[in-house]
Amino acid sequence: MRAALHWWPVVAVAGLFALGWLVGKGSTPFDARLLALDAPDPLLVFVEAPVQAAVLGLAVAYALWRGRWRLAAVSALCPPVAVVSAQLLKRVFGRTRDGEFAYPSGHVTALVVVAGMVVLVAGGRLWAIVLAGVAVVAGMVLVGISFHYFTDTVGALLLGSAYVAVAARLVARPRRRVT
């Protein structure tokens, strides 16, 4: 697992750029088919900033309560840094939907990173991994059939997971060497 944390950010960012160049500036046939579906608007609430901020706030508060200062700091800083980088990357790729920059999705980048921070704060417990996985997949589908192209959400998954891997490395406790 630790080895994957070392190489995943490079692989994920390379995948982000490859997908961005592959999909180009507009809709792909796959994206167009998904956009023909209708997303129930009330379900989109959990990809909105206030809900994500509340979840992140609870995770940071729990890390602070446990005395995990570095974990709390990384958890608090990682999502906004990831979202800012997504916003900058949107300008690099120039892909738009309805006149707005689209690739990679900032909503899903934030969702992936917040979910990852919850998993880190929970110590990688199975319940946190399952909930994070369900939230991310549901968020990707809902965002991909509503106000983004689905491929924008895949790029965001790659970007967000790279940040989560870096965050996990930053907060990992060093292994004790047996002599």
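In my numbering, the protein residues as written are 35 to 213. Glycine included, C-beta positions come from ideal geometry on N, C-alpha and C.
So, with DSSP's three-state summary, where would you put Arg125? To locate residue 125, count along the sequence shown from 1; it is residue 91. Three-state DSSP puts Arg125 in a helix.
Assigned exposure category for Ala48 - 16 Cβ within 10 Å defines buried: Taking the sequence shown and counting its residues from 1, the one referred to as residue 48 is at position 14. If you draw a 10 Å sphere on the C-beta of Ala48, you find fewer than 16 other C-beta atoms in it, and that means exposed.
The alpha helix (DSSP H) spanning Val79 covers which residue range? Within the sequence shown, numbered from 1, the residue matching residue 79 stands at position 45. That residue, Val79, is in no alpha helix (DSSP H); it is neither H nor E in DSSP.
What are the partner residues of Thr130, as DSSP defines its beta bridges? Translated into positions along the sequence shown, residue 130 becomes position 96. The secondary-structure analysis by DSSP pairs Thr130 across a beta bridge with Phe135.
Whole angstroms is fine: what's the gap from Ala87's alpha carbon to Pro138's? Locating residue 87 in the sequence shown gives position 53, where the first residue counts as 1. Locating residue 138 in the sequence shown gives position 104, where the first residue counts as 1. Answer to the nearest angstrom: the Cα atoms are 20 Å apart.
DSSP state of Ala206, grouped into three classes? The residue you call residue 206 lines up with position 172 of the sequence shown. Looking at Ala206 - three-state DSSP - the assignment turns out to be coil, as it is neither helix nor strand.
What's the call for Leu92, buried or exposed, on a 16-neighbour Cβ count within 10 Å? For this step, residue 92 is matched to residue 58 along the sequence shown. Classification for Leu92: exposed.
Determine the burial state of Phe64: buried for a count of at least 16 other Cβ atoms within 10 Å of its Cβ, exposed for fewer. By one-based count along the sequence shown, residue 64 stands at place 30. Under this definition Phe64 is an exposed residue.
DSSP-derived helix/strand/coil call for Asp65: Stepping through the sequence shown from its first residue, residue 65 is reached at position 31. Of the three classes helix, strand and coil, the one that applies to Asp65 here is helix, per DSSP.
Is Asp186 helix, strand or coil by DSSP? As a first step, residue 186 is located in the sequence shown; it is residue number 152 there, counting from the start. Reduced to three states, the DSSP call for Asp186 is helix.
Identify which residue in Arg207, Val153 and Ala149 has its Cα closest to the Cα of Ala169. Looking up residue 169 in the sequence shown gives position 135. Of Arg207, Val153 and Ala149, the smallest CA-CA separation from Ala169 is found for Ala149.
Just to confirm before moving on: does the CB-CB distance between Ala196 and Leu50 stay below 9 Å? What you label residue 196 is simply residue 162 of the sequence shown in a count that begins at 1. What you label residue 50 is simply residue 16 of the sequence shown in a count that begins at 1. Yes, they are a contact pair.
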